[in-house]
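Each step along the sequence shown adds one to the number in this note's numbering, with nothing skipped, and position 28 is 271.
No residue lacks a Cβ here, since even glycine has one placed at the ideal position from N, Cα and C.
Read through the structure below, which is laid out as structure tokens, and then see the notes.
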Amino acid sequence: MLVSQVSLVRTRAVSLPACQAAYGCSVRAALDAWQEAGPRRAHRALAEAFERLARDGQLRTRDGRRAARHFIQLVGSEVEDRSEFGAVPLDDREVREAVTAGVDVFLHGYSPRG
244 MLVSQVSLVR TRAVSLPACQ AAYGCSVRAA LDAWQEAGPR RAHRALAEAF
294 ERLARDGQLR TRDGRRAARH FIQLVGSEVE DRSEFGAVPL DDREVREAVT
344 AGVDVFLHGY SPRG
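This is how it looks when you write it as structure tokens:
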């Protein structure tokens with residue numbers, strides 16, 4: 244049942260109270276299902292990739308999970324802030340510049356010292 248709740252929330256952008264009324268799910272269960280379907284899965288994949296890169300000497304970190312959190316914040320927070328969490332459209336150039344700047348900062352902090 245949680246899969247259909249997540250699908251409803253993602254595809255129709257309905258409110259969590261509407262999901263709760265339609266499916267009888269708790270807000271916490273709907274949020275957990277959404278987190279597991281997207282953000283947590285992406286975070287785990289990034290953390291694993293950063294840990295592999297660290298083992299190969301291409302990234303300097305002892306904690307892939309923390310590096311993933313830093314990366315996500317650095318590449319996404321400016322876009323979220325400037326777009327008011329998606330309410331104000333940004334053109335592709337603005338998004339590309341903000342994301343590129345976040346990647347540059349991440350690499351500056353996590354690149355191996357040589």
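Near Gly238, what residues of its chain come up, given a Cβ to Cβ distance below 8 Å and the 5 sequence neighbours on each side ignored?
-> This structure does not reach residue 238, given that the chain is present from 244 up to 357, and the question cannot be answered.
Which whole-angstrom value is the C-beta distance of Gly307 and Glu294, which I expect to be below 8 Å?
-> The sequence position of residue 307 within the sequence shown is 64, counting from 1. The sequence position of residue 294 within the sequence shown is 51, counting from 1. 4 Å between Cβ atoms; contact.
Same chain, Cβ closer than 7 Å to Leu317, neighbours up to 5 away in sequence not counted = As a first step, residue 317 is located in the sequence shown; it is residue number 74 there, counting from the start. Result list for Leu317: Gly345, Val348 and Phe349, in chain order.
Boundaries of the alpha helix (DSSP H) in which Asp334 is found, first to last residue | In the sequence shown, counting from the first residue as 1, residue 334 sits at position 91. Neither: Asp334 is in no alpha helix (DSSP H) and is coded neither H nor E.
By how many angstroms is the C-alpha of Arg271 removed from the C-alpha of Glu279?
-> On the sequence shown, residue 279 is found 36 positions in, with the first residue counted as 1. On the sequence shown, residue 271 is found 28 positions in, with the first residue counted as 1. About 12 Å.
Do His286 and Ala310 have their C-beta atoms closer together than 8 Å?
-> Reading the sequence shown from its first residue, position 43 is the one you call residue 286. Reading the sequence shown from its first residue, position 67 is the one you call residue 310. Not in contact: His286 and Ala310 (Cβ atoms no closer than 8 Å).
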